[in-house]
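Trainee: Please read through the structure below; I'll follow up with questions.
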């Protein structure tokens, strides 16, 4: 009954939302206001209860609804022991890094007992994005969806669904996550993997004490439904499938794609994928299921989480059938799926791929180990880009840039690694030290950038999902092994490459992206595996102002949290 009530509640809010749009003038951008109260709530999963940090006492948190062109104001009030900041993942925040949210990058965090209003415009974007905490590991429970509808009078460029639902994939730890992380850091080791995955905060009936914690989606035979799928997991890429049903991919990271049909999708932490499904199978109950993809010798939580696709009128006593998910290490399925992704590239939704490149960047992605006298093995596991482990500042980098505060960061991040080597050859287990620094890369306004991200076999190869704040980019190429600058660019897709904000660098391989640096500010780029981000697998670009005020960073808001 609770699950049906949740569905009715969602329909009620959507109905009110659509009704408010109907009342507003099509020419006017609406102002959407939300209140986010950060507070602790006891939540029971896996036969035990624990306090978790939530927004408004909800897990996952509330959905932010808007329409393309709207202004959104979210007042965040912090009533927990931790400092907090919220990132609006995938929103470009043009000239307005103050609303982007990563702590100590574009703002100092919101302290206990204080508030901050994120004030931003939704410009030139529509589709599914998401929001999450961007400090410590708090996004384990502090996250939710962003749903941006097209402008008034514009339709989806695919068959209009009869209904829609959000599928937010996450992770759950029985113990307090921050305690686990702090203990692991003292030892110089990674914290334990999660105890389960979740779908909309629920584990499904395959886990103990979890039958009542099962998400169920009711469908009517013959109708089409839009699933807005979000991977909010901290450390796991996930395969997702629905027993007996095909999925048609129509959007990734809030960008329309050329539709294609698949039995399984692969979705990395930080990514979103919209799919259409048709309720065209015998009326019954079917499991939706997700479990990790990991093709490297790295431990993951390999258990399967489930939800239920429930045909209307079928009793709950009918046992659901299970989809056939790929093996957790099935690299071929992962590569084939990603290779099928293409931008829609129509006159209305063109793929504006930079054809001329002003600056070529080559960044190696690696793990490492630095001396640590208090750690268990005398070393601290770490991670780096171009052998630089990023050190977080004590002042927001955007403030330091905007107000010309000296000594906070340097702009000497190298365009390529200090020493070339056989990046994906035999595992390298010696000379694993990295250099430490708060080093940024300065980029000219409106210049075009090509960045090749190259995985390395320092300790081990591994897939890394990279997220760039402030921009979308085009994934023009990828491959296994070492990038060959003399041969691989000839194979780049410069016509309809996928456009996104988060991309996976394949295990023991490389990915090439292009973007136009037309958004002034300081923009974070990092691995979206929380473990690697914590270990320093991150950097930031300083995009200079253009020549006019309209091409420059806007002034900071008056309530920007102090450092």
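In my numbering, the protein residues as written are 2 to 564.
For each residue, glycine too, the CB sits at the ideal point set by N, CA and C.
Just so you know, these numbers come straight off a predicted model, no measurement behind them.
In whole angstroms, what separates the C-alpha of residue 293 from that of residue 404?
Mentor: Here the question's residue 293 lines up with position 292 in the chain shown. Here the question's residue 404 lines up with position 403 in the chain shown. If I take the Cα positions, the gap works out to 44 Å.
Trainee: Report the CB separation of residue 270 from residue 235 in whole angstroms; it is logged as a contact under 8 Å.
Mentor: Position 269 of the chain shown, counting from 1, holds the residue named residue 270. Position 234 of the chain shown, counting from 1, holds the residue named residue 235. Right, the Cβ-Cβ distance comes to about 7 Å (below 8 Å), so this counts as a contact.
Trainee: For my contact list, residue 251 and residue 258 are in at a C-beta cut-off of 8 Å; report their separation, rounded to the angstrom.
Mentor: Position 250 of the chain shown, counted from the start, is the residue given in the question as residue 251. Position 257 of the chain shown, counted from the start, is the residue given in the question as residue 258. Confirmed, about 6 Å.
Trainee: Can you tell me the Cβ-Cβ gap for residue 511 and residue 454, rounded? I've got them flagged as a contact below 8 Å.
Mentor: Taking the first residue of the chain shown as 1, we reach residue 511 at position 510. Taking the first residue of the chain shown as 1, we reach residue 454 at position 453. Yes, they are in contact, since the Cβ atoms of residue 511 and residue 454 sit about 6 Å apart, within 8 Å.
Trainee: What are the residues that DSSP puts in a beta bridge with residue 514?
Mentor: Residue numbering aside, residue 514 sits at position 513 when the chain shown is read from its first letter. In the DSSP output, where bridge partners are listed per residue, residue 514 has 452, 476.
Trainee: When you compare each of 111, 65, 72, 139 to residue 41 by their alpha carbons, which one comes out closest?
Mentor: Working through the chain shown from its first residue, we reach residue 41 at position 40. When each option's Cα is compared against that of residue 41, the closest is 139.
Trainee: Among 277, 309, 462, 174, which has the Cα closest to the Cα of residue 508?
Mentor: On the chain shown, position 507 is the one that residue 508 refers to. Ranking 277, 309, 462, 174 by Cα distance to residue 508 puts 462 first.
Trainee: Just the Cα atoms here: how many angstroms apart are residue 170 and residue 354?
Mentor: Translated into positions along the chain shown, residue 170 becomes position 169. Translated into positions along the chain shown, residue 354 becomes position 353. One C-alpha to the other measures close to 31 Å.
Trainee: So, at 8 Å on beta carbons, what are the nonlocal neighbours of residue 394 in its own chain, with the 5 sequence-adjacent residues on each side left out?
Mentor: Counted from its first residue, the chain shown places residue 394 at position 393. Hits under 8 Å: 105, 401, 409, 410, 439.
Trainee: Tell me which residues share the same chain as residue 505 and place their Cβ nearer than 6 Å to its Cβ, disregarding the 5 neighbours each side in the sequence.
Mentor: Taking the chain shown and counting its residues from 1, one reaches residue 505 at position 504. Residues of the same chain with a CB within less than 6 Å of the CB of residue 505, apart from the 5 flanking positions on each side, are 269, 464, 466 in chain order.
Trainee: CA-CA distance, residue 197 and residue 128?
Mentor: If you number the chain shown from 1, residue 197 lands on position 196. If you number the chain shown from 1, residue 128 lands on position 127. Distance between the alpha carbons of residue 197 and residue 128: 28 Å.
Trainee: Considering only the beta carbon of each residue, do residue 152 and residue 70 sit closer than 7 Å?
Mentor: Here residue 152 is taken as the residue at index 151 of the chain shown, counted from 1. Here residue 70 is taken as the residue at index 69 of the chain shown, counted from 1. Yes; because the gap between Cβ atoms is below 7 Å, this pair is in contact.
Trainee: State the Cα-Cα distance for the pair residue 371 and residue 364, rounded to the nearest angstrom.
Mentor: The residue given as residue 371 occupies position 370 in the chain shown. The residue given as residue 364 occupies position 363 in the chain shown. Each residue's Cα considered, the two are about 20 Å apart.
Trainee: Measure how close the beta-carbons of residue 513 and residue 537 come, nearest whole angstrom, since I'm counting them as under 8 Å.
Mentor: The residue given as residue 513 occupies position 512 in the chain shown. The residue given as residue 537 occupies position 536 in the chain shown. Not quite, the Cβ-Cβ distance comes to about 23 Å (not below 8 Å), so this is no contact.
Trainee: Return helix, strand or coil for residue 561, following the three-state DSSP convention.
Mentor: As a first step, residue 561 is located in the chain shown; it is residue number 560 there, counting from the start. If DSSP states are grouped into helix, strand and coil, residue 561 belongs with coil.
Trainee: Mapping DSSP to helix, strand and coil, what is residue 172?
Mentor: Reading the chain shown from its first residue, position 171 is the one you call residue 172. Reduced to three states, the DSSP call for residue 172 is strand.
Trainee: So the candidates are 517, 422, 388, 557; which of them puts its Cα closest to the Cα of residue 397?
Mentor: Here the question's residue 397 lines up with position 396 in the chain shown. Ranking the options by Cα distance to residue 397, first place goes to 557.
Trainee: Please classify residue 138: does DSSP put it in a helix, a strand, or coil?
Mentor: If you number the chain shown from 1, residue 138 lands on position 137. Residue 138: coil per DSSP, three-state reduction.
Trainee: Which of helix, strand or coil does DSSP assign to residue 398?
Mentor: Residue numbering aside, residue 398 sits at position 397 when the chain shown is read from its first letter. In the structure shown, residue 398 falls within a helical segment according to DSSP collapsed to helix, strand and coil.
Trainee: Short of 7 Å in beta carbon distance, which residues of its chain neighbour residue 1, apart from the five on each side in sequence? Order them along the chain.
Mentor: Because the chain here runs from 2 to 564, residue 1 falls outside it and cannot be looked at.
Trainee: With DSSP run on the structure shown, which of helix, strand or coil describes residue 25?
Mentor: As a position in the chain shown, residue 25 is number 24, starting the count at 1. In this prediction, residue 25 scores a pLDDT of 40, lower than 50, which makes its location untrustworthy; the coordinate-derived value is nonetheless stated afterwards. If DSSP states are grouped into helix, strand and coil, residue 25 belongs with coil.
Trainee: Per DSSP, residue 443 forms a beta bridge with which residues?
Mentor: Taking the chain shown and counting its residues from 1, the one referred to as residue 443 is at position 442. Paired residues: 543.
Trainee: Is it buried or exposed for residue 303, if we count other Cβ within 10 angstroms and need 16 for buried?
Mentor: Numbered from 1 along the chain shown, position 302 holds the residue referred to as residue 303. Flag for residue 303 reads exposed.
Trainee: So what does residue 132 bridge to, in DSSP terms?
Mentor: Position 131 of the chain shown, counted from the first residue, corresponds to residue 132. Answer by DSSP bridge pairing, in chain order: 89, 145.
Trainee: Give the secondary structure of residue 209 by DSSP, where H, G and I count as helix, E and B as strand, and everything else as coil.
Mentor: One-based indexing of the chain shown puts residue 209 at position 208. Looking at residue 209 - three-state DSSP - the assignment turns out to be coil, as it is neither helix nor strand.
Trainee: Residues in its own chain within less than 6 Å of residue 202 by CB, not counting five upstream and five downstream?
Mentor: For this step, residue 202 is matched to residue 201 along the chain shown. 60, 61, listed in sequence order.
Trainee: Taking all protein chains shown into account, do 16 or more other C-beta atoms lie within 10 angstroms of the C-beta of residue 296, making it buried, or fewer, making it exposed?
Mentor: By one-based count along the chain shown, residue 296 stands at place 295. So residue 296 counts as buried.
Trainee: According to DSSP, what are the bridge partners of residue 68?
Mentor: Here residue 68 corresponds to residue number 67 of the chain shown, with the count starting at 1. In DSSP, residue 68 forms a bridge with 150.
Trainee: Report all residues from its chain with a CB closer than 7 Å to the CB of residue 377; omit the five preceding and five following residues, and keep chain order.
Mentor: On the chain shown, residue 377 is found 376 positions in, with the first residue counted as 1. Around residue 377: 188, 189, 190.
Trainee: Buried or exposed for residue 274, going by 16 or more other Cβ atoms inside 10 Å?
Mentor: By one-based count along the chain shown, residue 274 stands at place 273. Within a 10 Å sphere around the beta-carbon of residue 274 sit 16 or more other beta-carbons, which makes this residue buried.
Trainee: Thinking C-beta only, is residue 68 closer than 7 Å to residue 167?
Mentor: As a working note, residue 167 is residue 166 in the chain shown. As a working note, residue 68 is residue 67 in the chain shown. Result no, Cβ atoms of residue 167 and residue 68 do not sit closer than 7 Å.
Trainee: Using the rule of at least 16 other Cβ atoms within 10 Å of the residue's Cβ for burial, across every protein chain shown, is residue 319 buried or exposed?
Mentor: Counted from its first residue, the chain shown places residue 319 at position 318. Residue 319 counts as exposed, since fewer than 16 other beta carbons sit within 10 angstroms of its beta carbon.
Trainee: So, is residue 356 buried or exposed, given that buried needs 16 or more other C-beta atoms within 10 angstroms?
Mentor: To locate residue 356, count along the chain shown from 1; it is residue 355. Exposed.
Trainee: Measure the beta-carbon distance from residue 522 to residue 399 and round it to whole angstroms, keeping in mind my assumption that it falls under 8 Å.
Mentor: To locate residue 522, count along the chain shown from 1; it is residue 521. To locate residue 399, count along the chain shown from 1; it is residue 398. Indeed they touch by this definition, with Cβ atoms about 6 Å apart.
Trainee: Quickly, what does DSSP pair residue 53 with across the bridge? List them, please.
Mentor: In the chain shown, the residue the question calls residue 53 occupies position 52. According to DSSP, residue 53 bridges with 42.
Trainee: Once DSSP output is grouped into helix, strand and coil, what is the label at residue 551?
Mentor: Taking the chain shown and counting its residues from 1, one reaches residue 551 at position 550. Correct three-state label for residue 551: helix.
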